[in-house]
Amino acid sequence: MDATTSSGASSSLPLHLIIDDALAFVSPLQQSFQRSQRHCFGDSAPGEFPLAANPSIVLHVLTSCNLEPDDLAHLEATCSFFRKPANFPPDFQLSMSELAALDMCQKRAIFKPMTQQEREMFKQRCGGSWKLVLRFIMAGEACCRREKSQAIAGPGHSIAVTTGGAVYTFGSNSSGQLGHGSLEEEWRPRIIRSLQGIRIIQAAAGAGRTMLVSDAGRVYAFGKDSFGEVEYAAQGSRVVTTPQLVESLKDIYIVQAAIGNFFTAVLSREGHVYTFSWGNDMKLGHQTEPNDVQPHLLAGPLENIPVVQIAAGYCYLLALACQPSGMSVYSVGCGLGGKLGHGSRTDEKYPRLIEQFQALNIQPVVVAAGAWHAAVVGKDGRVCTWGWGRYGCLGHGNEECESVPKVVESLVNVRAIHVATGDYTTFVVSDKGDVYSFGCGESSSLGHNTITEGNNRHTNVLSPELVTSLKRTNERVAQISLTNSIYWNAHTFALTDSGKLYAFGAGDKGQLGTELVAQQSERGTPERVEIDLS
1 MDATTSSGAS SSLPLHLIID DALAFVSPLQ QSFQRSQRHC FGDSAPGEFP LAANPSIVLH
61 VLTSCNLEPD DLAHLEATCS FFRKPANFPP DFQLSMSELA ALDMCQKRAI FKPMTQQERE
121 MFKQRCGGSW KLVLRFIMAG EACCRREKSQ AIAGPGHSIA VTTGGAVYTF GSNSSGQLGH
181 GSLEEEWRPR IIRSLQGIRI IQAAAGAGRT MLVSDAGRVY AFGKDSFGEV EYAAQGSRVV
241 TTPQLVESLK DIYIVQAAIG NFFTAVLSRE GHVYTFSWGN DMKLGHQTEP NDVQPHLLAG
301 PLENIPVVQI AAGYCYLLAL ACQPSGMSVY SVGCGLGGKL GHGSRTDEKY PRLIEQFQAL
361 NIQPVVVAAG AWHAAVVGKD GRVCTWGWGR YGCLGHGNEE CESVPKVVES LVNVRAIHVA
421 TGDYTTFVVS DKGDVYSFGC GESSSLGHNT ITEGNNRHTN VLSPELVTSL KRTNERVAQI
481 SLTNSIYWNA HTFALTDSGK LYAFGAGDKG QLGTELVAQQ SERGTPERVE IDLS
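Start counting the sequence shown at 1; every next residue gets the next number (full-length UniProt numbering).
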C-alpha cells in the first residue's frame with residue numbers, strides 16, 4: 001500500500017517505521033543504527049514499534065484515513081503488529097486491522113441497528129472477516145450512491161433525493177406516483193411533505209409507480225398498486241397517492257428496490273434478493289400469482305452468495321455479487337436477444353453466473369439493466385455491453401446483438417466509474433466527470449442535439465460520443481439516470497459532484513422540472529433543474 005495515495009495521507013503511518021521480526025536477520029551494527037533511527041521520543045525503548053504502547057492512536061489513524069479493506073489486508077500481510085490480537089473491546093482477539101474494519105462498519109447507517117447476533121451472521125455470510133463485511137458495504141455504497149444524493153428519470157416522472165434524505169418529485173402523476181396526495185402533474189420539483197422525519201437513501205421508478213427505501217430499511221410505495229405488469233391496465237387499477245409502507249417487507253431490512261416491467265425486486269441489507277410477481281411460470285425461480293404482494297427469496301445460487309446491487313430490465317434481473325474471491329454478475333429471466341449474457345437466447349429460471357467476465361479478466365463493480373441490453377463497469381474502468389444492439393446501444397459501431405459481455409473498444413482510453421442504460425440507450429461517466437452516450441437518439445435524450453435532415457427524428461449514435469453540452473457546464477458529473485421504458489419518450493438526468501442537477505430529453509409532462517416553450521415537447525441541451533441536492 002502506498003500511504004501517500006490514501007485520503008488524509010499526512011496522518012497515516014509510514015510502513016517503513018514498523019519494526020518486524022525480520023529485524024533478527026540484520027547484523028547487530030545495522031540493528032543498532034536502525035533502532036536509533038526508529039526511536040520514539042518518550043519512555044519507549046529503542047527498537048519498539050513507536051506507537052505500540054498506544055494502540056488506540058493506531059486504531060484512530062486507520063479508521064480516519066478512509067483506508068480500503070484491501071489496504072487493511074495488506075497491513076496484516078506485511079507486519080505482525082497488525083496481525084496480533086489488539087486486546088481491545090468488543091473482541092480482544094481481533095487484530096488491529098480487523099478492529100479498524102469493524103469500527104468503520106459501525107459508522108454505516110445500515111450496520112448500526114444490527115444486534116450482535118445479526119452482525120456475527122452477517123460476517124459469516126460475507127466470508128468470516130470484518131474486512132470482507134466492510135468491502136461488501138462499501139461496494140454497495142459505490143454502485144448505488146447509498147446515503148448520497150441521487151436523481152431518477154422514470155417513465156414520465158422524476159425523483160430527486162437530497163443528501164439529507166428529502167425527496168422531490170415532478171412530472172406525470174396519472175396514478176399518484178408523485179406522492180403528493182393528488183393526481184395533478186407537477187412541472188417543478190416538489191418535496192413530499194408526508195415523508196418529513198424519514199430519511200430516504202434510495203429510490204426506484206416504474207411506469208406509474210414509485211418506491212423509496214429509508215435508512216431504517218423500510219420501503220414505501222405509491223402510484224399503481226401493483227408489483228408487476230406496471231405498464232398495463234390489467235393490474236394496478238387502484239392508485240395510491242401518498243407514500244405507504246410496504247407491510248410485507250417490514251420484517252426485512254431493505255437497502256435497494258428495482259422495478260422491472262413484469263416484476264419488482266428488492267435487496268436486503270444482508271445481500272438477499274426478493275422478488276414480487278411474474279413467477280407463475282417459474283420465471284424467477286418461484287411459483288406465484290402475477291399480482292402476488294408477498295416477497296419471495298430468489299432461489300438458486302444467490303441464496304448463499306451476498307449481493308450488493310440489483311438491476312431490473314424489462315423482463316430480466318441482474319445481480320452484482322460480492323464473494324471473498326471477488327465480484328461477479330448473475331442474471332435471471334427472459335433471454336431474448338442474448339441479454340442474460342450466457343452465449344444463448346434461452347430463458348433462465350434461476351440466477352446463473354455470467355462466466356465471460358472471468359475470461360475478460362474483469363472485476364465488475366457496477367451493473368446496469370436496460371430494457372433489452374445490459375452493461376457493466378469493471379474495477380479497471382473498462383465497460384462491457386451485451387444484449388440487443390438496436391440503434392447502436394451497445395457502442396460497438398453496429399446494431400448487432402451480443403450474447404456475451406463485450407468490451408467497448410472505443411472507450412479503452414477512458415476510465416469509467418458509472419454506467420446507465422435505458423431503452424436502447426447507454427451513458428458512461430468517466431473518472432474525470434466526462435459523459436459519453438450512444439444508442440437511440442429520439443427525444444434528444446443522448447444530449448447531442450443532432451437531427452436527421454428532412455424529418456423529426458434524432459440521429460442514432462453507434463459508438464460512444466462525448467456529450468459536449470455537459471462538458472460546457474464545467475461540472476464533474478457523478479451520476480446519470482435515464483428513462484428505462486419502451487412506452488415512454490426518454491429523458492435524462494446528470495447529477496454533478498456539487499449537487500447540481502441537469503436535465504434534457506422529453507419534457508411534455510414536466511419531467512424535466514421546468515415548463516418548455518410553447519409547442520415544444522423536448523429539450524436537446526442540458527439545463528439546470530432548480531433544486532440543490534447537496
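Glycine is no exception: its CB is placed at the ideal position from the N, C-alpha and C atoms.
CA nearest to the CA of residue i, picked from the options
i, options, result
"Ala490", "Met104, Gly179 and Ala420", "Ala420"
"Gly343", "Glu355, Gly333 and Cys384", "Glu355"
"Ala153", "Gly505, Met114 and Gly341", "Gly505"
"Leu495", "Gly507, Asp215, Val517 and Leu470", "Leu470"
"Gly507", "Phe82, Glu442, Leu62 and Gly127", "Glu442"
"Arg190", "Leu516, Leu512, Glu247 and Val407", "Leu512"
"Asn460", "Asp103, Asn474, Thr426 and Arg472", "Thr426"
"Lys349", "Gln177, Cys143 and Gly300", "Gly300"
"Ala368", "Pro351, Gly387 and Arg352", "Gly387"
"Gly524", "Arg119, Gly447, Ser268 and Thr492", "Gly447"
"Arg462", "Asp103, Tyr436 and Gly397", "Correcting the residue identity first, residue 462 is Leu in this sequence and not Arg. For the residues Asp103, Tyr436 and Gly397, the minimum Cα distance to Leu462 belongs to Gly397."
"Glu270", "Leu353, Ser410 and Arg119", "Arg119"
"Val239", "Leu360, Met121, Met138 and Arg209", "Arg209"
Unbroken alpha helix (DSSP H) run spanning residue i, endpoints
i, result
"Gly439", "Element bounds for Gly439: not the alpha helix (DSSP H) but the beta strand (DSSP E), Val435 to Gly439."
"Pro55", "Pro55 to Ser64"
"Phe136", "Trp130 to Cys144"
Which of helix, strand or coil DSSP assigns to residue i
i, result
"Leu249", "helix"
"Lys500", "coil"
"His74", "helix"
"Ala518", "coil"
"Phe427", "strand"
"Glu527", "strand"
"Thr468", "helix"
"Lys112", "coil"
"Arg119", "helix"
"Leu533", "coil"
"Ala101", "helix"
"Leu411", "helix"
"Cys401", "coil"
"Gly338", "helix"
"Gln124", "helix"
Burial state of residue i, where buried means 16 or more other Cβ atoms lie within 10 Å
i, result
"Leu501", "buried"
"Tyr168", "buried"
"Phe92", "exposed"
"Leu62", "buried"
"Ala518", "exposed"
"Leu245", "exposed"
"Ala374", "buried"
"Gly260", "buried"
"Gln520", "exposed"
"Val377", "buried"
"Pro364", "buried"
"Gln124", "exposed"
"Glu247", "exposed"
"Gln196", "exposed"
"Tyr487", "exposed"
"Val307", "buried"
"Ser325", "exposed"
"Met121", "exposed"
Proximity of residue i and residue j at Cβ, strictly below 9 Å
i, j, result
"Cys393", "Cys440", "yes"
"Pro85", "Asn484", "no"
"Ser194", "Pro243", "yes"
"Tyr253", "Ala216", "yes"
"Phe170", "Arg146", "no"
"Ser56", "Leu75", "no"
"Pro405", "Ile362", "yes"
"residue 539", "Val429", "Any question about residue 539 goes unanswered here, given that the chain covers just 1 to 534."
"Gln358", "Gln309", "no"
"Ala371", "Asp423", "yes"
"Leu297", "Tyr316", "no"
"Ser158", "Phe438", "no"
"Ser444", "Glu522", "yes"
Opening and closing residue of the beta strand (DSSP E) in which residue i lies
i, result
"residue 537", "What the structure shows of the chain is the stretch from 1 to 534, and residue 537 is not part of that stretch, so it cannot be assessed."
"Leu482", "Val477 to Leu482"
"Phe357", "First-last for Phe357: Gln356 to Ala359, but that is the alpha helix (DSSP H), not the beta strand (DSSP E)."
"Pro85", "Counting along the chain, Pro85 falls outside any beta strand (DSSP E), and DSSP gives it neither H nor E."
"Ala312", "Val307 to Ala312"
"Arg193", "Segment: none, Arg193 is in no beta strand (DSSP E) and carries neither H nor E."
"Ala258", "Ile254 to Ile259"
Chain D within 9 Å of residue i, Cβ atoms only
i, result
"Ser277", "As a matter of chain content, chain D is missing from the structure shown, which is built from one protein chain."
heavy atom of the ligand ADP below 8 Å from residue i C-beta
i, result
"Ile192", "This structure simply doesn't include the ligand ADP, nor any ligand for that matter."
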